[in-house]
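Working notes for the structure below.
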Amino acid sequence: MDSSPSPSPAPARSRGASNATLRWDILRRALLARSSSSSSRAPEGTSSDQQNKDNTNNISRKASRGFNLIECHSLPISQLAKSLGNSLNGNENDLECQKDVYVYYKLPCGGSSKLNLVYRREDSLELNDIEASNRYNIDTTGLVCCWPSEEVLAYYCINHLDMFRSKKVLELGSGYGLAGLVIAATTNADEVVISDGNPQVVAYIQKNISINAENFGETKVKSMILHWDKEQASEILNTFDIIVASDCTFFKQFHQSLARAVKSLLKHSVTSQAIFLSPKRGDSLDKFLEIIEENGLCCELIENYDPTVWNQHKKYVAGDDRTWPNYDEEHCYPLLVRISSFSE
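Per my numbering, the very first residue in the sequence shown carries number 401; after that it's consecutive.
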């Protein structure tokens, strides 16, 4: 248990109430926007409404600090355009966006030691994010940030390079695609497909593929809009040697479609496997594992899969490292799940 001094109750309640009010105001604005589309003109907002609208843009959506496994730095997007120079082929304006930030990762391995990624700013929240979620029946978590489980997955892949050599790899629910890009840049995979169900997210994935193209060598890399609950195109059915995913088991309503997607996309081979990294999050992970088995797939749950990740996790739990406030094992520490079509 954290023995550090706790903030006084009143300010904590005030901050919580303030953030809750702002988030409800986002929903209110979304509903008003829809209502106004069916009327001739919406009434002019008050100065208070405008103030609330401005405040909602300052809500931080990052859930946690992470395990700090890969050195990461944020820089203005203009610096990315400058550092890439001629490789942008005159498309600098495509990167210049007020809501975006340039992040580069210094990878802890030889060869391609650096990846450039374009993210949405963590304090950037827009109504069209919610509207896109409703339109495509998807969640918007991929736009929020690079989640801790994604960083752990990328680090795990770096430490298991040979597993991907000459393989066809798919990342599901990739968000900005850090793990998929790491695989493409470091493992000599034959092909890496980085997918998400949110078209907004996939647009970022494609940007990140383009700006890192010189790091991929002979590996073919592409982005794909992939909805788990839709029938997949015949040309990708049962074609992937390895499927990877991080923190994709939180929403129970997606469990069945996710399990079916894995089964339909994973190649029928004793060496083919899916690697998932997901926190328990109550009974969510357990329920997913049940559905995996109901779909005729085999799975193995591994708690301690990497000594560096495990030791850092133990420091957070014991309170020896206070850099991740409110660390909670059930919601923060990703367990490794190996899924295959054949039992050993």
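Where a beta carbon is used, it is the ideal one built from N, C-alpha and C, also for glycine.
Query                                                                                                                                                               : Result
For V670, does the count of other Cβ atoms within 10 angstroms reach 16, so buried, or fall short, so exposed?                                                      : exposed
Taking 8 Å as the cut-off, decide whether the C-beta atoms of I477 and Y505 are in contact.                                                                         : no
Please list, in chain order, all residues of the same chain as F650 whose beta carbon is under 6 Å from its beta carbon, the five residues on each side excluded.   : R681, S684
Since I believe A633 is in contact with L572 (beta carbons under 8 Å), could you give me their beta-carbon distance rounded to a whole number of angstroms?         : Not really, about 15 Å apart at Cβ, beyond 8 Å.
Need the endpoints of the beta strand (DSSP E) that Q673 sits in, please.                                                                                           : 673-678
Taking the beta strand (DSSP E) that A589 belongs to, which residues open and close that run?                                                                       : Looking at the DSSP string, A589 is not in any beta strand (DSSP E), and its letter there is neither H nor E.
How is the alpha helix (DSSP H) around Y604 delimited, first residue to last?                                                                                       : 599-611
Does DSSP classify F640 as helix, strand or coil?                                                                                                                   : strand
For the beta strand (DSSP E) holding N516, just list the boundary residues, first then last.                                                                        : 514-520
State the beta-bridge partners of I702 as determined by DSSP.                                                                                                       : L736
Using a threshold of 8 Å, state whether the C-beta atoms of V592 and V621 are closer than that.                                                                     : yes
Alpha carbon to alpha carbon, how far is G597 from D706? Give it in angstroms, no decimals.                                                                         : 29 Å
Comparing C-alpha positions only, which one of L658, D647, N711 sits nearest to H731?                                                                               : D647
Excluding the 5 residues flanking M624 on each side, which residues of the same chain have their C-beta closer than 6 Å to its C-beta?                              : V593, S595
Roughly how many angstroms separate the alpha carbons of G719 and G466, rounded to a whole number?                                                                  : 15 Å
According to DSSP, simplified to helix, strand and coil, what is Y505?                                                                                              : strand
Taking the continuous alpha helix (DSSP H) assigned at E693, which residues delimit it?                                                                             : 684-694
Just to confirm before moving on: does the CB-CB distance between T639 and K568 stay below 8 Å?                                                                     : yes
Is the separation between the beta-carbon of A383 and that of N615 shorter than 8 Å?                                                                                : Outside the modelled stretch of the chain, which goes from 401 to 744, sits residue 383, for which no answer is possible.
Return the chain-ordered list of same chain residues with a C-beta closer than 8 Å to the C-beta of L637, the five sequence neighbours on each side being excluded. : S664, L665
Just tell me which of C699, L517, I702 has its CA closest to the CA of Q606.                                                                                        : L517
Whole angstroms is fine: what's the gap from C509's alpha carbon to L561's?                                                                                         : 10 Å
Could you tell me which residues DSSP pairs with K620 in its beta bridges?                                                                                          : E591
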